[in-house]
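Student: Supplied in structure tokens, the structure appears directly below.
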Amino acid sequence: MTKLNSKIPKGALKDKWTNYKDHQNLVNPTNKRKIDIIVVGTGLAGASAAASLGELGFNVKNFCYQDSPRRAHSIAAQGGINAAKNYPNDGDSVYRLFYDTIKGGDYRAREGNVYRLAEVSNSIIDQGVAQGIPFAREYGGLLDNRSFGGAQVSRTFYARGQTGQQLLLGAYGALNRQISKGTVKMYTRTELMDIVIIEGKARGIVTRNLVTGKVESHFGHAVVLATGGYGNVFFLSTNAMGSNGSAAWKAYKKGAFFGNPCYVQIHPTCIPVHGEFQSKLTLMSESLRNDGRIWVPAKKEDAQAIREGKKRPEDLKDEERDFYLERRYPAFGNLVPRDVASRAAKERCDAGFGVETGQAVYLDFKDAIARLGKSVIEERYGNLFQMYEKITDENPYETPMKIYPAIHYTMGGTWVDYELMTSVPGLFSIGEANFSDHGANRLGASALMQGLADGYFVLPYTIQNYLSDQHSVKRMNEDLPEFKKSEEEINNLIDKLMGIKGNRSVDSLHKELGHIMWDYVGMARNEKGLKTAIEKIKELKVEFWKNLRIPGDKNGINLELEKAIRLADFIELGDLMARDALLREESCGGHFREEHQTPEGEALRNDDKFMHASVWEYKGENEEPEMHKETLDYEEIEVKARNYK
Amino acid sequence: MANINIKLKVWRQKDSQSKGQFEAYEVKQISTESSFLEMMDVLNEQLINDGNQPISFDHDCREGICGMCGLYINGRAHGPDLDVTTCQLHMRKFKDNDSITIEPWRAGGFPVIKDLMVDRSAFDKILQAGGFISVNTGGVPDANAIPISKDDAEEAMDAASCIGCGACVATCKNSSAMLFVSAKVSQLALLPQGRIEASRRAKNMLSAMDDLGFGNCTNTGACEVECPKGISVAHIARLNREFLVANLKD
Ligand SMILES: Cc1cc2nc3c(=O)[nH]c(=O)nc-3n(C[C@H](O)[C@H](O)[C@H](O)COP(=O)(O)OP(=O)(O)OC[C@H]3O[C@@H](n4cnc5c(N)ncnc54)[C@H](O)[C@@H]3O)c2cc1C
Ligand code: SF4
Ligand code: FES
Chain A
12 MTKLNSKIPK GALKDKWTNY KDHQNLVNPT NKRKIDIIVV GTGLAGASAA
62 ASLGELGFNV KNFCYQDSPR RAHSIAAQGG INAAKNYPND GDSVYRLFYD
112 TIKGGDYRAR EGNVYRLAEV SNSIIDQGVA QGIPFAREYG GLLDNRSFGG
162 AQVSRTFYAR GQTGQQLLLG AYGALNRQIS KGTVKMYTRT ELMDIVIIEG
212 KARGIVTRNL VTGKVESHFG HAVVLATGGY GNVFFLSTNA MGSNGSAAWK
262 AYKKGAFFGN PCYVQIHPTC IPVHGEFQSK LTLMSESLRN DGRIWVPAKK
312 EDAQAIREGK KRPEDLKDEE RDFYLERRYP AFGNLVPRDV ASRAAKERCD
362 AGFGVETGQA VYLDFKDAIA RLGKSVIEER YGNLFQMYEK ITDENPYETP
412 MKIYPAIHYT MGGTWVDYEL MTSVPGLFSI GEANFSDHGA NRLGASALMQ
462 GLADGYFVLP YTIQNYLSDQ HSVKRMNEDL PEFKKSEEEI NNLIDKLMGI
512 KGNRSVDSLH KELGHIMWDY VGMARNEKGL KTAIEKIKEL KVEFWKNLRI
562 PGDKNGINLE LEKAIRLADF IELGDLMARD ALLREESCGG HFREEHQTPE
612 GEALRNDDKF MHASVWEYKG ENEEPEMHKE TLDYEEIEVK ARNYK
Chain B
49 MANINIKLKV WRQKDSQSKG QFEAYEVKQI STESSFLEMM DVLNEQLIND
99 GNQPISFDHD CREGICGMCG LYINGRAHGP DLDVTTCQLH MRKFKDNDSI
149 TIEPWRAGGF PVIKDLMVDR SAFDKILQAG GFISVNTGGV PDANAIPISK
199 DDAEEAMDAA SCIGCGACVA TCKNSSAMLF VSAKVSQLAL LPQGRIEASR
249 RAKNMLSAMD DLGFGNCTNT GACEVECPKG ISVAHIARLN REFLVANLKD
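Protein chains in written order, with our numbering: chain A, 12 to 656; chain B, 49 to 298.
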């Protein structure tokens, strides 16, 4: 246990963060200028951190693989961001947001971190308004809220169905301001390839310039990863095409432990898969569950008739429809958390009640339109309805949407302590890239909250505690042997990939990995399937290194090479996910082991044996990784079975 | 669902230094349910399997929000459908045996870097010149301290929907970036928090736009038609007002 120190401050839960800030070390203004900080990523977490650190006077280098920081995957978040403002006066509080997050995460997150998250949530909304984010408002001019799954209060702030876009553009504005002042230097179209460790501390990174192909080194007194989640292991997901797990994986191989790799969130409301040519899945925001009702035909014959095109969903009367979430979970109804809603959809479809290809259920706005009028629905969800119609060629005002669960978010990630520092000194991880706040399941509208909490209000403090004695460390030369060695390793890796000259494209291999992951490490897992997955991934790894084909050359733009580098890491990460899922012999949150369920099919946790985070340590190529347990102590919250009935 | 065959003429260019040319390709039996970029994926898979170079194009979210994609299809930015980005365009908009010409954005401010990829970093530079409100993290008032009328918030949101794709520039015969600039100026000028710096912001951003090789606006309105997010030219009028105020102050 000595290896994992979560560094949770002493004292009562509600005083921990205040106590921490009161006593932590800071860096004085003149010394800040002498310190370089590398921030990899420009999503909500990275952009907010880079801007805030620049404002404080640090010298920041910020990286992203896209052509502009504004295009980070956070831009795609739709529904909203939580905060404990209690503006609607419906009984919300910091404690309640904290409680809902712990419960939503199925009691697999740290109390200390989550309480701090709830505590700083309100400042994020204040900051956003000050930056000019046009959040939705009431006629009186004050901010509006909506409800999201897993909560009985309305605490979600939103900007139409484009909340992530607006929050990111706010952070990007702050970042641009620092770039113009020269405190932040921006490197776009630049991919992280390795993390450089000198005398036990993270001191920089090696990157590949995606335009010239050049492999280069960058020094930093500290390195912050804000590189997002690894949902694209599954090939099809709601993530952006370029989202990847490589930074977290490189960190893992350099000694940063990986927390809970098997915790993946499957979002219940996505547009169903159509064919093998499909390149990504589109999310329909959870906010739609505020007004939409989810159902399948109550009779199998009707489901079949609809699948064969002999009946239309509109033909079925209410009594012929099974509103299965309202039936099974009357207290939360359509607003149960995501893992619960996803499994319930799978259960109905597996039982033969699915529509379209059999892998789809309805999300219906008929009643909401009758109650509120079309114009209100249009104002709330207009852009989502338009997006749906463009993709499916069906008008959701007239016929119910068809939806099915899809891979969406990864709760697992780089292990961090209370200061958001990984097990490598000087290497930090924020946003979706870390494992910290969501336990085994994330509540809707809480990823944006966490990314911005980390970037604006937590990391800029905690990193100073680490850096306070670092100003005397002189900027290091990027010709040092540690940098050169790493550059050479990366150049060798690239040459090796280019040299395979087999006959399979990156995508064909990635799709194969996706099928393995979805079939065996997806929504329902069991021992046999997970062991099969590990075998199949091993074979796929061999196939990849034997049969990959990358056309073109390594200098200049080579999109196939970029994808191949990421896929090599995804394959290894997939293996770790399966191993982690195999060891966790319980069902919790997004992790559902078929062997562990109640007679009614609800998830069955095993708190006696698994009330811990599974934290993996890399032991070398082809060696078995080692799992450490971080025991979770609940001092404040009484641990219960999750009940949304 | 149907399958169609199509003929393509695609701009190929090795790098920014090389001269480019069109190449002809055929894609057979493509599902009309697939998106335009999925059709390009199928073509690329075909090219790779045949030992050829796949076509490079930019894309990331594939759901119309990141602004990374942008192809000039049959003479129109983002292709024939209205209010969509290239990644949201679907093959059902085309017929069997159609010919499709695909080019990169063509504008002085956006040099081609490979095939269909261009360098749009000039947009970032324009925003760095003032496309923000000058506040630091922390120490700001409560979010509800200043009420903002719903109409203003909605109009600001309309403007804030710009995804920075550059279709407006690619469409404009002068390669002007006025619609893009006006969207940010207008969003922030409509809100009390942004009002304070409004005219200064307009002036700085416009001068950056001029310096970066974009042309002047002659009010043709072509940009508005091709903008995937429906950004209105009315924002250009607001930008011009702010700019006038700035000049009066000087
Ligand atoms: C469709 C969709 C809708 C969502 N809606 C919501 C919502 O309504 N509410 C909510 O709370 N959450 C939502 N989420 C989740 C949320 O958007 C993400 O979890 C969050 O935005 C992640 O932010 P981030 O800053 O951690 O990472 P990201 O935004 O993913 O940013 C990652 C950054 O790292 C860079 N990067 C990655 N790898 C490398 C590398 N190897 N080298 C260099 N740079 C790299 C990228 O360029 C990018 O800048 C949604 C997610 C999706 C997919
Ligand atoms: S104004 Fe419209 S066309 Fe121009 S960059 Fe913005 S979204 Fe694209
Ligand atoms: S790929 Fe993001 S808008 Fe098209």
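Glycine included, each C-beta is placed from N, C-alpha and C at the ideal position.
Taking all protein chains shown into account, do 16 or more other C-beta atoms lie within 10 angstroms of the C-beta of GLY278/B, making it buried, or fewer, making it exposed?
Tutor: Counting from one through the second sequence, the residue named residue 278/B turns up at place 230. With fewer than 16 other Cβ atoms within 10 Å, it is exposed.
Student: Of all Cβ atoms in chain B, is any one closer than 8 Å to the Cβ of VAL51/A?
Tutor: Translated into the one-based positions of the first sequence, residue 51/A becomes position 40. No - not a single Cβ of chain B is within 8 Å of the one on VAL51/A.
Student: Three Cβ pairs or more, each shorter than 8 Å: is that satisfied between the region 509-528 of chain A and the region 233-250 of chain A?
Tutor: yes
Student: Leaving out five residues before and five after ALA207/B in sequence, what residues of the same chain have Cβ atoms less than 6 Å from its Cβ?
Tutor: Counting from 1 along the second sequence, the entry for residue 207/B is found at position 159. Result list for ALA207/B: ALA231, SER234, GLN235, HIS283, in chain order.
Student: Rounded to the nearest angstrom, how far is the Cβ of TRP627/A from that of LEU587/A, given a contact under 8 Å?
Tutor: Position 616 of the first sequence, counted from the first residue, corresponds to residue 627/A. Position 576 of the first sequence, counted from the first residue, corresponds to residue 587/A. Indeed, because the Cβ distance is near 6 Å, the residues count as touching under 8 Å.
Student: In terms of alpha-carbon separation, which member of ASN514/A, GLY54/A, ALA352/A, ARG391/A lies closest to LEU175/A?
Tutor: Locating residue 175/A in the first sequence gives position 164, where the first residue counts as 1. The displayed chain sequence assigns Gly, not Leu, to residue 175/A. Relative to GLY175/A, the option among ASN514/A, GLY54/A, ALA352/A, ARG391/A whose CA is nearest is GLY54/A.
Student: May I ask whether a heavy atom of ligand 2 can be found less than 7 Å away from the beta carbon of CYS213/B?
Tutor: Against the second sequence, residue 213/B aligns to sequence position 165. Yes, Cβ of CYS213/B sits closer than 7 Å to a heavy atom of ligand 2.
Student: Here's a check: name, in chain order, each residue in its chain whose Cβ is nearer than 7 Å to the Cβ of GLY91/A, leaving out the five neighbours to either side.
Tutor: Residue mapping note: residue 91/A aligns to position 80 of the first sequence, counting from 1. Correct list, in chain order: ARG157, PHE159, THR167, PHE168, TYR169, THR174, SER298, ALA456.
Student: Exposed or buried, what is PRO40/A when buried is set at 16 or more other beta-carbons lying within 10 Å of its beta-carbon?
Tutor: Residue 40/A sits at position 29 when you count from the first residue of the first sequence. PRO40/A is exposed by the Cβ-count criterion.
Student: Taking contact to mean 3 or more Cβ pairs, one atom from each stretch, closer than 8 Å, check whether the region 125-135 of chain B and the region 102-116 of chain B are in contact.
Tutor: yes
Student: Going by DSSP, name the residue or residues bridged to TYR415/A.
Tutor: As a working mapping, residue 415/A is identified with position 404 in the first sequence. Answer is CYS281/A.
Student: From the DSSP output, in three-state form, read off ASN271/A for me.
Tutor: Here residue 271/A refers to the residue found at position 260 of the first sequence. ASN271/A: coil per DSSP, three-state reduction.
Student: How about GLU122/A and ILE648/A: are their beta carbons less than 8 Å apart?
Tutor: Residue mapping note: residue 122/A aligns to position 111 of the first sequence, counting from 1. Residue mapping note: residue 648/A aligns to position 637 of the first sequence, counting from 1. Yes, these two residues count as a Cβ contact at 8 Å.
Student: Taking 7 Å as the line, does the beta carbon of TYR429/A fall inside it for any heavy atom of ligand 1?
Tutor: Within the first sequence, the letter at position 418 stands for residue 429/A. Result no, Cβ not under 7 Å from ligand 1.
Student: Any beta-carbon of chain A closer than 8 Å to the one on VAL132/B?
Tutor: The sequence position of residue 132/B within the second sequence is 84, counting from 1. Chain A, which has a Cβ nearer than 8 Å to the Cβ of VAL132/B, makes this yes.
Student: Check the DSSP bridge columns for MET165/B and list the partner residues they point to.
Tutor: Residue numbering aside, residue 165/B sits at position 117 when the second sequence is read from its first letter. LYS162/B, per the DSSP bridge assignment.
Student: Does the Cβ of CYS275/B lie closer than 7 Å to at least one heavy atom of ligand 2?
Tutor: Counted from its first residue, the second sequence places residue 275/B at position 227. Result yes, Cβ under 7 Å from ligand 2.
Student: Taking the alpha carbon of PHE268/A as the reference point, which residue from TYR420/A, SER434/A, LYS656/A, ALA182/A has its own alpha carbon closest?
Tutor: The sequence position of residue 268/A within the first sequence is 257, counting from 1. Comparing Cα positions, the closest option is SER434/A.
Student: When you compare the CB positions of VAL125/A and THR112/A, do they come within less than 8 Å of one another, or not?
Tutor: Sequence index remark: in the first sequence, residue 125/A carries index 114 (1-based). Sequence index remark: in the first sequence, residue 112/A carries index 101 (1-based). Going by C-beta atoms, VAL125/A is nearer than 8 Å to THR112/A.
Student: Within 7 Å: the Cβ of ARG110/B and any heavy atom of ligand 3?
Tutor: As a first step, residue 110/B is located in the second sequence; it is residue number 62 there, counting from the start. True, at least one ligand heavy atom lies under 7 Å from that Cβ.
Student: Looking at CYS216/B and ligand 2, is the gap between the Cβ and the nearest heavy atom below 7 Å?
Tutor: Taking the first residue of the second sequence as position 1, residue 216/B is located at position 168. Indeed, a heavy atom of ligand 2 lies less than 7 Å from the Cβ.
Student: Report the three-state DSSP secondary structure of TYR73/B (helix, strand or coil).
Tutor: For the purposes of this step, residue 73/B is taken as residue 25 along the second sequence, with counting starting at 1. Collapsing the DSSP output to three states places TYR73/B in a strand.
Student: Looking only at C-alpha atoms, which of SER17/A, ASN36/A, THR29/A, TRP28/A sits nearest to SER735/A?
Tutor: Coverage of chain A is limited to positions 12 through 656, which leaves residue 735/A absent and any answer about it impossible.
Student: Let me make sure I understand the geometry here. Which of GLU573/A, LEU572/A, LEU520/A has the alpha-carbon closest to that of GLU554/A?
Tutor: Within the first sequence, the letter at position 543 stands for residue 554/A. Closest by alpha carbon: LEU520/A.
Student: Going along chain A, which residues have a C-beta under 7 Å from GLY179/B?
Tutor: Position 131 of the second sequence, counting from 1, holds the residue named residue 179/B. The contacting residues are GLY184, ASN187.
Student: Could you give the distance in angstroms between the alpha-carbon of LEU287/B and the alpha-carbon of ALA237/B?
Tutor: The count along the second sequence starts at 1 and reaches residue 287/B at position 239. The count along the second sequence starts at 1 and reaches residue 237/B at position 189. Between LEU287/B and ALA237/B, the C-alpha separation is close to 9 Å.
Student: Looking at CYS265/B and ligand 2, is the gap between the Cβ and the nearest heavy atom below 7 Å?
Tutor: In the second sequence, residue 265/B corresponds to position 217, counting from 1. Flag unset: Cβ of CYS265/B not near ligand 2.
Student: Does GLU86/B come out as helix, strand or coil in the three-state DSSP assignment?
Tutor: Indexing the second sequence from 1 puts residue 86/B at position 38. In the three-state scheme derived from DSSP, where H, G and I count as helix and E and B as strand, GLU86/B is classed as helix.
Student: With which residues is ASN445/A paired in a DSSP beta bridge?
Tutor: Translated into positions along the first sequence, residue 445/A becomes position 434. Answer is THR425/A.
Student: Helix, strand or coil: which one does DSSP assign to LEU239/B?
Tutor: Along the second sequence, one-based indexing puts residue 239/B at 191. Coil, per DSSP.
Student: For the region 222-252 of chain A, which residues have a beta carbon sitting closer than 8 Å to at least one beta carbon of chain B?
Tutor: VAL222, ALA251, MET252
Student: Where does MET12/A land, buried or exposed, given buried means 16+ other C-beta within 10 angstroms?
Tutor: Counting from 1 along the first sequence, the entry for residue 12/A is found at position 1. Low local confidence applies: a pLDDT of 43 at MET12/A is under 50, so the model's placement there is unreliable, and no value is given.
Student: Given 8 Å as the limit, is there contact between the region 89-105 of chain A and the region 203-210 of chain A, that is, 3 or more CB pairs closer than that?
Tutor: Short answer: they don't touch.
Student: Mind pulling the chain A residues with CB within less than 7 Å of PRO195/B?
Tutor: The sequence position of residue 195/B within the second sequence is 147, counting from 1. Simply GLY151, GLY152, LEU153.
Student: Name the chain A residues whose beta carbon is nearer than 8 Å to that of PHE171/B?
Tutor: Within the second sequence, numbered from 1, the residue matching residue 171/B stands at position 123. The answer, in chain order, is SER79.
Student: Going by the C-beta, is CYS210/B closer than 7 Å to any heavy atom of ligand 2?
Tutor: The residue labelled residue 210/B in the question sits at position 162 within the second sequence. Indeed, a heavy atom of ligand 2 lies less than 7 Å from the Cβ.
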